[in-house]
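Residue numbers (the numbering used here), protein chains in the order written: chain D, -7 to 258; chain G, 4 to 178. All C-beta atoms in this analysis are idealised placements derived from N, C-alpha and C, irrespective of residue type, glycine included.
Printed below as a string of structure tokens:
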């Protein structure tokens, strides 16, 4: 190896070291200038207590006295009303039913005729209910109405000032299918000086659950459960948590007046 | 010969800088830039692969709403050509009401010779889309070739787009 090539190698290595040093210094400089932590999303928990609408009657009427209160622990935990009949399979004298406990809706059990569930023996399966026996008493459990059309037939008329009873099964049906909501009701945002003021109802499809619950075309929904609708996020948060809500209070603006609509979910 | 040497040293310098750049901190800076627009990336795992940054299991929140989960993101910043590859995107159930919720791949790229545009290609169960962010005019545009599923099950969403003679749907949004 002659001197010329040695010089060339040394020159190359020197330049390489200089480039690496410059790269490292730049890296350190950026490390010093750039943030050390990113942004994380923390769900803002509601600091307000859960919504409980109060009526004047509740203050006027004297509280009911409870005498000789006896709590049967077994009936609370395993009473027939804690069970939901989800499905029926019936074939002459045989068949089975699909059951679930209200406290654990994800856990379903299949019970055949003659088998027991929480101490209740299945003795008969009918077209829309099942008969159980416990301690020489008979209990009838009706099939849960999951079908939206069947539920629609059950809608009671809306009475002004009274809380309207809404079925949770029906709400769950809607919660699963956002597209169905869009089919049955149309809303547009209402803005005031660039800020969202609420959502205006522009269409309610006839003979749908929305047409029975006291809402009208051109109503502007401004509050849900005492919380103003300032963004789409507020509205969608209600939609996403609808399964946990027991009562809904809507404040709507109708003919330039605020109106309260109350709903109880059973 | 001299030009080739300069280009060679230039490439070497670029690779060295790329190697030493604190990619995780650069990513944190991007998060700070996106935050005022209501975009927050949460729960992600960062892995500095020396020449690029890999992000796994990121949840994207837009205006406090969970919008999508991205299995794998690869950010490559080569200066003259920058690219973001996304894989395994699952849209939130709310968005899933408007489009099929699975997007297999998305690629966004920005090049030195076209600095005012960010282009991208997205493919998923909805079909194929070519997107473009015009940074000068602040216009986002998309050309969508919908899949059969999109055409039949999410027809109402497509009604919001304009359709050309070739059956390609177009969408424009000013930001």
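Chain D partners of residue i, CB-CB under 7 Å?
i	result
residue 5 (chain G)	Residues of chain D passing the Cβ test: none, with the nearest at roughly 14 Å.
residue 40 (chain G)	Chain D residues near residue 40 (chain G): none, gap ~11 Å exceeds 7 Å.
Cα-Cα, which of the options is closest to residue i?
i	options	result
residue 122 (chain G)	G:175, G:112, G:131 and G:130	G:112
residue 85 (chain G)	G:120, G:75 and G:25	G:120
residue 130 (chain D)	D:114, D:136, D:118 and D:120	D:114
residue 133 (chain D)	D:24, D:75 and D:152	D:75
residue 7 (chain D)	G:12, G:22 and G:23	G:12
residue 108 (chain G)	G:118, G:99 and G:126	G:126
residue 71 (chain D)	D:30, D:249, D:111 and D:9	D:111
residue 145 (chain G)	G:151, G:152, G:165 and G:156	G:165
residue 184 (chain D)	D:17, D:158, D:90 and D:214	D:214
residue 74 (chain G)	G:163, G:155 and G:106	G:106
residue 91 (chain G)	G:128, G:82 and G:100	G:128
residue 73 (chain D)	D:186, D:94, D:81 and D:173	D:94
residue 51 (chain G)	G:155, G:76, G:159 and G:134	G:76
residue 26 (chain G)	D:24, D:33, D:-5 and D:2	D:24
residue 29 (chain D)	G:44, G:45, G:28 and G:53	G:28
residue 177 (chain G)	G:99, G:102, G:14 and G:140	G:140
residue 53 (chain G)	D:19, D:27 and D:31	D:19
residue 61 (chain G)	G:83, G:10, G:34 and G:81	G:34
residue 72 (chain G)	G:88, G:83 and G:45	G:45
Using a Cβ-Cβ cutoff of less than 8 Å, which residues in the same chain neighbour residue i once the five nearest sequence positions on both sides are dropped?
i	result
residue 208 (chain D)	193, 196 and 246
residue 116 (chain D)	105, 122 and 123
residue 68 (chain G)	95 and 97
residue 30 (chain G)	49, 56, 58 and 78
Which term fits residue i, buried or exposed, when burial requires 16 or more other beta carbons within 10 angstroms of its beta carbon?
i	result
residue 104 (chain G)	buried
residue 77 (chain D)	buried
residue 56 (chain D)	Low confidence applies to residue 56 (chain D): its pLDDT is 48, below 50, so where it sits in the model is not reliable, and the reading given next is rough at best. By the neighbour-count rule (16 or more Cβ atoms within 10 Å), residue 56 (chain D) is not buried but exposed.
residue 258 (chain D)	exposed
residue 15 (chain D)	buried
residue 173 (chain G)	exposed
residue 39 (chain G)	exposed
residue 153 (chain G)	buried
residue 99 (chain D)	exposed
residue 91 (chain D)	buried
residue 154 (chain D)	exposed
residue 65 (chain D)	Low confidence applies to residue 65 (chain D): its pLDDT is 42, below 50, so where it sits in the model is not reliable, and the reading given next is rough at best. Exposed, by the Cβ-count rule.
Between residue i and the ligand MG, is there a pair consisting of the residue's CB and a ligand heavy atom that are separated by less than 8 Å?
i	result
residue 118 (chain G)	The model on display carries no ligand, and the ligand MG is accordingly not part of it.
Note down, in chain order, every chain D residue with its Cβ under 8 Å from the Cβ of residue i.
i	result
residue 162 (chain G)	Within 8 Å Cβ-Cβ: nothing; residue 162 (chain G) doesn't reach chain D, min ~12 Å.
residue 24 (chain G)	18, 19 and 22
residue 66 (chain G)	223, 224 and 225
residue 15 (chain G)	8 and 11
residue 12 (chain G)	7 and 11
Note down, in chain order, each residue of its chain lying with its Cβ closer than 7 Å to the Cβ of residue i, except the 5 sequence neighbours on either side.
i	result
residue 150 (chain D)	156, 204, 205 and 206
residue 59 (chain D)	Because the pLDDT of residue 59 (chain D) is 47, which lies under 50, any placement of that residue in the model is unreliable, and the number read from its coordinates should be weighed accordingly. If we look at residue 59 (chain D) and ignore the five residues flanking it on each side, it has no Cβ neighbours.
residue 224 (chain D)	none
residue 243 (chain D)	214, 215, 250 and 252
residue 65 (chain G)	41 and 42
Against residue i, what residues of chain G qualify as contacts under a CB-to-CB distance less than 7 Å, listed in chain order?
i	result
residue 27 (chain D)	28, 31, 32 and 35
residue 90 (chain D)	Neighbours of residue 90 (chain D) on chain G: none; closest Cβ ~25 Å, over 7 Å.
residue 12 (chain D)	19
residue 33 (chain D)	43, 45 and 64
residue 71 (chain D)	In chain order: nothing, as chain G lies at least about 34 Å away.
Note down, in chain order, every chain D residue with its Cβ under 9 Å from the Cβ of residue i.
i	result
residue 48 (chain G)	Under the 9 Å cutoff, chain D gives no residues; its nearest Cβ is about 12 Å from residue 48 (chain G).
residue 176 (chain G)	Here the premise fails: no neighbours, minimum Cβ distance about 16 Å.
residue 155 (chain G)	Residues of chain D passing the Cβ test: none, with the nearest at roughly 13 Å.
At a CB-CB cut-off below 9 Å, which residues of chain G make contact with residue i?
i	result
residue 254 (chain D)	The premise fails here: residue 254 (chain D) is roughly 26 Å from chain G at the closest Cβ pair, so nothing lies under 9 Å.
residue 186 (chain D)	Neighbours of residue 186 (chain D) on chain G: none; closest Cβ ~16 Å, over 9 Å.
Go through its chain and collect everything with a Cβ distance to residue i's Cβ below 6 Å, but skip five positions before and after it.
i	result
residue 128 (chain D)	none
residue 177 (chain D)	196 and 202
residue 81 (chain D)	87 and 88
residue 68 (chain D)	For residue 68 (chain D), the predicted model reports a pLDDT of 42, less than 50, meaning its position is unreliable; a value from the coordinates is still stated below. Correct list: empty, nothing qualifies.
residue 88 (chain G)	77 and 110
Can you name the residues of chain G whose CB is closer than 8 Å to the CB of residue i?
i	result
residue 261 (chain D)	In the structure as shown, chain D starts at -7 and stops at 258, and residue 261 (chain D) therefore has no counterpart that could be examined.
residue 153 (chain D)	Correct list: empty, because the minimum Cβ distance to chain G is about 33 Å.
residue 15 (chain D)	16, 19, 20, 22 and 23
residue 206 (chain D)	Near residue 206 (chain D) there are no residues of chain G at all, since even the closest Cβ is about 26 Å away, more than 8 Å.
*asked:* Threshold first: 4 residues or longer. Then list the alpha helix (DSSP H) segments lying entirely within the region 15 to 90 of chain G, N to C.
replied: Counting only runs of 4+ residues, the alpha helix (DSSP H) found wholly inside the region 15 to 90 of chain G occupies 26 to 37, in chain order.
_4-residue-minimum alpha helix (DSSP H) runs that sit fully inside the region 152 to 239 of chain D, ordered along the chain_ = 160 to 168, 170 to 176 and 224 to 232, all fully within the region 152 to 239 of chain D.
*Which ranges would you report for the beta strand (DSSP E) in the region 95 to 161 of chain G if only whole runs of at least 3 residues count?*
Those beta strand (DSSP E) runs which fall completely within the region 95 to 161 of chain G and span 3+ residues are 105 to 114, 117 to 127, 130 to 137 and 142 to 149.
_beta strand (DSSP E) runs contained entirely in the region 88 to 133 of chain D, provided each spans 3 or more residues_ = Runs of the beta strand (DSSP E) inside the region 88 to 133 of chain D: 96 to 104, 112 to 117 and 121 to 126.
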